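S.K.:
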Amino acid sequence: MQLVHLRTFITVSRTGGFHAAAERLNITQAAVSARIRTLEDQLGQRLLDRGRKGATLTAVGREFLPHAENISHTWDHARSMLGAPVSRPVPMRIGSQYSTWSQLVLDWAGWVTNSLPETELFLDFDFSKDMLNAVQNGELDVAITSAPTPAQGMRSLALADETLVLVARRPAVLNDQRMPPYIRMDWGPQFNSEVTRLESHLPRSRLTIGNGEMGLRYVLEHDSCGYFPQRTVRPLLQQNRLYQIKRAPRFPFAGHVVYNEDNPNRLFIERAVDWLKGVETDRADLRA
């Protein structure tokens, strides 16, 4: 039994199909089928049912999957402890919304490329993608997201809370008739729920922007205001290019690093997440 056959089986079970597994593994669909067939022949059991809508685990396949994952994890751990090079680069796909956690992700990427030479890193910044679902579906290995606690089978590391502040390109006071129009920013369900009570006191525009970077550019170029992470707007406040609106409440903005517990590259992911834990500790110390 070869490790590559086990990992192909794990990938098919996670992606739900031979075609999707072939794309993720960067091999042909025929190669995926051959590996699964060989594994099933060696076990003398059918592990997957093939159908038009994809592949589903048989009862035997569901029973065998955790054993396959344990073997894969044990092998990676043993090679790491022995300092042996891996046979091929380990892909690590990290995603987040660019304007929210871009600097943290870029710093993280620098650490990963320098400290985990076994990995091949892919960064995905996309404001329209549901990062939590992307991790669940296997499109990403790890993501930073404002989504609440993930589903069963996923792990989550809470980042230190950010603060959302209301800013405009000119000085203003909440409830003042001269306040600029307020544009809605989508910072997740918690913020959207909390800010609703405040919006009756704000002169509304008819504009909602789902991308932080785009929203910030709009506020800088138009007479308007909006909520943004304090860390993002701090340099602009210091340069007097933006002004924090007086008497406006602040809102907490929590981020989470999420990944699948059954990811075959979990060992490398957790080493990368450990670095983030250290960064968050340092940031907390600086705020103290």
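For the sequence shown, the working numbering begins at 9 and goes up steadily by one. Glycine residues also receive a C-beta, built at the ideal position from the N, C-alpha and C atoms. Since the model is a prediction, treat every value here as computed from it, not as a measurement.
#1: Answer yes or no: do L131 and I102 have a C-beta to C-beta separation smaller than 8 Å?
#2: Measuring straight from C-alpha to C-alpha, what distance separates L56 and F236?
#3: Looking only at its chain, what residues have a beta carbon closer than 6 Å to the beta carbon of L294, apart from the 5 residues adjacent to it on each side?
#4: From this set, L245, A180, Y267 and W116, which residue's C-alpha is nearest D231's C-alpha?
#5: State the DSSP-derived secondary structure class of A92, mapped to helix, strand or coil.
#6: Helix, strand or coil: which one does DSSP assign to L14?
#7: Following the continuous alpha helix (DSSP H) through N268, name the residue where it begins and the one where it ends.
#8: Hey, quick one: how far does the beta strand (DSSP E) through E128 stretch, first residue to last?
#9: Which residues does DSSP list as the beta-bridge partners of K254?
#10: I need the DSSP call for G52, collapsed to helix, strand or coil.
#11: The alpha helix (DSSP H) with G220 in it runs from where to where?
#12: Just tell me which of E126, E269 and I253 has its CA closest to the CA of V186.
#13: Distance check for L114 and A42, CA to CA, integer angstroms please.
#14: Could you say which of L224, N200 and N145 lies nearest to R249 if we only look at CA atoms?
#15: Does the segment 140–147 come within contact of the segment 210–226, defined as at least 3 CB pairs closer than 8 Å?
#16: Comparing alpha-carbon positions, which option in F133, L65 and S110 lies nearest L148?
#17: Look up T240 in the DSSP assignment and say whether it is helix, strand or coil.
M.R.: With the given structure in hand:
#1: yes
#2: 48 Å
#3: Because L294 carries a pLDDT of 41, less than 50, the predicted location of this residue cannot be relied on, and no value is offered for it.
#4: A180
#5: Note that A92 scores a pLDDT of 49, beneath 50, so its modelled location is shaky and nothing firm can be said.
#6: helix
#7: Segment H264 to N268 is the beta strand (DSSP E) holding N268; no alpha helix (DSSP H) there.
#8: T127 to F133
#9: V181
#10: coil
#11: G220 to E229
#12: Residue 186 is actually Arg in this sequence, not Val. The candidate whose alpha carbon is nearest that of R186 is I253.
#13: 39 Å
#14: L224
#15: no
#16: F133
#17: helix
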